[in-house]
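Below: one structure, written as structure tokens.
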Amino acid sequence: MLFISLLTQMNTAIPHFNTFLLFLPYIFVRSLDFIFSVLIILPKIPLAYNVSL
Numbered sequence: 661m662l663f664i665s666l667l668t669q670m671n672t673a674i675p676h677f678n679t680f681l682l683f684l685p686y687i688f689v690r691s692l693d694f695i696f697s698v699l700i701i702l703p704k705i706p707l708a709y710n711v712s713l
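Its first residue numbered 661, the sequence shown is counted upward by one per residue in this note's numbering.
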């Protein structure tokens with residue numbers, strides 16, 4: 661509850677901070693998604709290359 665009140669105080673001080681907070685989880689999720697997709701794809705590339713040869 662204290663954390664929420666602190667955030668609202670920061671919101672009144674910085675209007676753009678609210679939009680930043682909204683985008684923060686989205687950016688975090690997208691970056692995680694990207695990292696996981698890279699981790700999944702990277703091991704498959706040499707396998708696919710060897711199979712095609």
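Just so it is clear, CB atoms sit at the ideal spot from N, CA and C, and this is done for glycine as well.
Check                                                                       : Outcome
Separation of THR668 from LEU662, as counted between CA atoms               : 10 Å
Proximity test, LEU699 beta-carbon vs the ligand ZN heavy atom, cut-off 8 Å : You won't find the ligand ZN in this model; it holds no ligand whatsoever.
C-alpha gap between SER691 and VAL711, whole angstroms                      : 30 Å
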